[in-house]
Amino acid sequence: MGMAENEGKMQGWLHLIRYNRIGLQYSRKRYFILEDDCLNSFKSIPTSHTEEPVRRAIIDSCIRVVDNGRGSHRRKLFFIFTIYNTANHNDQLKLGATSSEEAARWIHALQDAAVKTVDLVSCSKRKYQPFRLSVSKRTEKRSIDWTSTSSVHVEAMTSDVIAPSPWEIFGCQNACSGLRLFKEATDRDSNVRRWDDHPAIMAVGVINGTPEAVFRTVMAVDASRTEWDFCFHKGSVVEQLDGHTDIVHVQLYKHCLPWAMKRRDLLVRRYWRREDDGTYVILYHSVFHKKCQRQNGFVRAYVKSGGYVIIPMNRGKKCVVRNMLSVDWRCWKSYLRKAYARSITICMVGTVAALREMYKTKEECSIDIGVLESEEEIKTEVGCKRIQNETNEAMPGYISGTSSISGLNDIADEFFDVPAPSEDEEGWPSNANSDSCYVNSGQPKFSSAANFVKRLQDLAVPKKGYIDLQSVSWGDSLSCSYGTTLPRDANLKMPCSCAEADPTSFLIRGKTYLHDQKKIKAKGTLMQLVGADWIKSSKREDDLAGRSNGIVTNYAAEGRSDFFFVINIQVPGTTTCSLALYYMVKMPLKETPLLERFIDGDDAFRDSRFKLIPYISKGSWIVRQSVGRKSCLVGQALQMNYFRGKNYLELGIDLGSSTVAKGVVGLVLGYLNNLVIEMAFVIQGDTAEELPEILVGTCRLNHLDAAKAVSTDAISSSIS
């Protein structure tokens, strides 16, 4: 599918994905043009600038874009994303691109268009109206360069935390493979031995292929994988959980194992995402699934953590591939554990060398494949044109009078096709819910830094037929008042406690950032952490600051003028968990105009400025890789709810609003009480007057334990 970015607009073919009245899915190919803040839909490529679109919708500050990941329709793979209105979640449009890169560029362009309208339209100051339309006149052109990197995405390309590398090199394979080998670095102050029984090992190599091509190759679990993965015998997708997560079963060849060792198989939950800089992250760990029990002749190995990171280089023509793995091979003889565990793992990650060689020898073949794909696209184009001609004969083209984004759906083109089974559905039936069918959220992406918020999802419950082998149980905890349920410990010796993190560990925009893009160490914070909550409930808990007998209301009852800034991170599930951080402003709000504007501003402005910087200072490499160290505008990644009181502003971050967030949940469940999590919050400065930035506040969470979360019912009973 071709896509062009020029003259301040973005255009290309996308597939409109809809459901008919009886619930069957179908798709229609349409040509979309995003120009300024207007999204136009055509049935064919417009022949002139004066040609009117079939349908049109305005992209304003109420718009969010959800990355739904991979999905198949009639045996064709799409990368799907949904555009929806925060004022009316039923007003949405689902589109599919044929490549992840194309989908990412559309997502970023739509996000940029929405952000650029924040100062023009405030969706919180007006009642909801459907998207504004211009059905007969074109909007005045403004010069917008979609190819440039906006402030929304530039953050994702650099780390915003000063921290040592979690890996240290220990060797290099022979000259033929040339792979560098690393092991996970241990903390110097810890008593962990240099090599444990199941070490995390990483192999790094450069591959002469695009990141997207390598990503597709690595994700395949069919016969094509045997061309490079010499440890792989066969595999299958047991269940597709959503567009970013699935359950995969893999059987390994015996020749990669020591003599007399039984064959091994793996059952893992696999999650993937694409970063804003074009990096692909694939992470997996072992699970139990009722549809894939242990098989005769195989010993099921336990994957503690594993994955790939595919980093673009040379403008995307090549990529660096990192393959990381930590496995318990279930060796029953003690003398075999230490002797063979590391060698088997090194053999597994060494497949990167075979992957590199395959791409070296397939350059000519890839050209032939490209020709064949072009021929298929030509056939598809011809077929689409024939269908369009038939449709046009039956119904003349028109511009819809509807003004919502869902108006871009071709309602008249409703077909009742019998859906063909997807490749993922063959062999194993799927009980997964269609999360991508309904968007109950804001957009899931900025893959990197909003990722802390994404990591704590669904702490309590296994679902969809599988069970994480690292589970977390809920228990009863002591009750107390709001703002005091999570104890503070500046010495970080008490488990399940919090403290303020060192602000100098975080990088923020300096005075000259708009000119040189340089960031500086933060020197301090605008607020101090005065309280924290770690609570659980049967429902989502909002407006904690306004509750009686809490730290905020108690201050107000005493007649004190202190102002509170509360961040409530809500983790949905059968049991909902909330992490609430209570900050007190150190100085009058008038002395910090940007903070005052944020507190008294509208929701659209707040969504465009509130930024989170996460960092896992202690924990497994897979969690560090999952969370990242990059800042993110949370309001553009997740649904946020704001509660303004007389002496406080509470920010409710709804983790359930992101479908992508669910993919990382299983990777963190077993590690939560072994993690030290640091976070910093900042109001983003976009103008010279707003720079340099100053951190709002920081926190350090020491070995959180879900079992120690305090029940809201217990708090209520203690208050009464």
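Per UniProt numbering: the sequence shown = residues 1 to 720. All C-beta atoms in this analysis are idealised placements derived from N, C-alpha and C, irrespective of residue type, glycine included. All of these numbers come straight from a predicted model, not from anything done at the bench.
Cut-off 8 Å between Cβ atoms - residues of its own chain near Met527, not counting five sequence neighbours on either side: For Met527, the CB contacts under 8 Å within the same chain, skipping 5 residues up- and downstream, are Phe565, Tyr583, Met584, Val585, Lys586, Val696, Gly697 in chain order.
DSSP state of Val221, grouped into three classes? Val221: coil per DSSP, three-state reduction.
Could you name the residues that DSSP lists as bridge partners for Thr226? According to DSSP, which records beta bridges pairwise, Thr226 is partnered with nothing at all.
Alpha carbon to alpha carbon, what distance is there between Ile569 and Asp60? Taking the straight line joining both Cα atoms gives about 26 Å.
According to DSSP, residues forming a beta bridge with Cys292: DSSP output for Cys292 lists no bridge partner at all.
Would you say Leu691 and Tyr513 are within 8 Å of each other, going by their C-beta atoms? In contact: Leu691 and Tyr513 (Cβ atoms closer than 8 Å).
Can you tell me whether Thr712 is buried or exposed, with buried defined as 16 or more other CB within 10 angstroms of its CB? Result: buried.
For Thr574, verify whether its CB is less than 7 Å away from any heavy atom of the ligand GDP. Within the structure as shown, the ligand GDP is missing, as the structure has no ligands at all.
Roughly how many angstroms separate the alpha carbons of Phe681 and Ser631, rounded to a whole number? Each residue's alpha carbon lies about 9 Å from the other.
Indicate whether residue 751 and Ile63 have their beta-carbon atoms separated by less than 8 Å. Residue numbering for the chain in the displayed model covers 1 to 720; residue 751 lies beyond these limits and cannot be assessed.
Residues bridged to Cys632 by DSSP? Cys632 pairs with Leu612.
Whole runs of the alpha helix (DSSP H) within the region 480-523, excluding any shorter than 4 residues: Listed in chain order, the complete alpha helix (DSSP H) runs (minimum 4 residues) inside the region 480-523 are 513-516.
Where does Ala301 land, buried or exposed, given buried means 16+ other C-beta within 10 angstroms? Residue burial annotation: Ala301 is buried, with at least 16 other C-beta atoms found within 10 angstroms of its C-beta.
Touch test, the region 32-44 against the region 588-599, Cβ-Cβ under 8 Å, three pairs minimum: With a cut-off of 8 Å, the region 588-599 and the region 32-44 do not count as touching, because too few Cβ pairs lie within range.
Can you name, in chain order, every residue of its own chain whose Cβ lies under 7 Å from the Cβ of Ile207, other than the five neighbours on each side? If the five residues before and after Ile207 are omitted, its C-beta is found closer than 7 Å to the C-beta atoms of Val214, Lys318, Cys319, Val321, Leu355, Arg356, Tyr359, all from its own chain and listed in chain order.
Give me, in chain order, the residues of the same chain whose beta-carbon lies closer than 6 Å to that of Val204; leave out the 5 immediate sequence neighbours on both sides. Excluding sequence neighbours, Val204 sits near Arg180, Arg322.
For Gln528, which three-state DSSP category applies? Strand.
For Met640, which residues does DSSP report across the bridge? Met640 pairs with Ile653.
Residue range of the alpha helix (DSSP H) that Phe563 falls in? Neither: Phe563 is in no alpha helix (DSSP H) and is coded neither H nor E.
Report yes or no: do the region 627-644 and the region 598-606 share at least 3 C-beta pairs separated by less than 8 Å? With contact defined as three or more Cβ pairs closer than 8 Å, the region 627-644 and the region 598-606 are in contact.
Kindly indicate which three-state DSSP category Glu678 falls into: helix, strand or coil? Glu678: strand per DSSP, three-state reduction.
For Val281, which residues does DSSP report across the bridge? As DSSP reads the structure, Val281 sits in a beta bridge with Arg273, Val309.
Cutoff 6 Å; reference Tyr340; Cβ partners in own chain excluding five residues on either side: Leaving aside the five residues that flank Tyr340 on each side, the residues in its chain whose CB is nearer than 6 Å to its CB run, in chain order, Pro258.
Check the DSSP bridge columns for Met202 and list the partner residues they point to. Met202 pairs with Phe182, Met324.
Which of helix, strand or coil DSSP assigns to Ser122: Note on Ser122: pLDDT 45, under 50, position unreliable in the model; the coordinate value appears next. Correct three-state label for Ser122: coil.
What does the Cβ neighbour count give for Gly235, buried or exposed, with the cut at 16 atoms within 10 Å? It is buried - the Cβ of Gly235 has at least 16 other Cβ atoms within 10 Å.
In the DSSP output, what is Gly697 paired with across the bridge? Bridge partners of Gly697: Phe681.
Boundaries (first-last residue) of the alpha helix (DSSP H) holding Ala113: Ala113 -> alpha helix (DSSP H) spans 100-116.
So Val218 and Ile282 are supposed to be a Cβ contact under 8 Å. How far apart are they, rounded? The Cβ separation is near 6 Å, so the contact holds.
Are there three or more Cβ pairs, one per stretch, closer than 8 Å when the region 615-625 is compared with the region 541-549? No: fewer than three Cβ pairs fall under 8 Å.
Span of the beta strand (DSSP E) around Tyr359: Looking at the DSSP string, Tyr359 is not in any beta strand (DSSP E); the run it does join, the alpha helix (DSSP H), is 351-361.
With a threshold of 16 other CB atoms inside 10 Å of the CB of Gln293, please say whether the residue is buried or exposed. Residue environment: Gln293 is assigned as exposed (fewer than 16 neighbouring CB atoms within 10 Å of its CB, all protein chains considered).
Does Ala532 pass the burial test, meaning 16 or more other C-beta atoms within 10 Å, or should it be called exposed? So Ala532 ends up on the buried side.
Using the three-state DSSP reduction, which class does residue 725 fall into: helix, strand or coil? Lying before the first or after the last residue shown, residue 725 is absent from the chain, which here runs from 1 to 720.
Which first and last residues belong to the beta strand (DSSP E) in which Arg300 is found? 298-300 is the extent of the beta strand (DSSP E) around Arg300.
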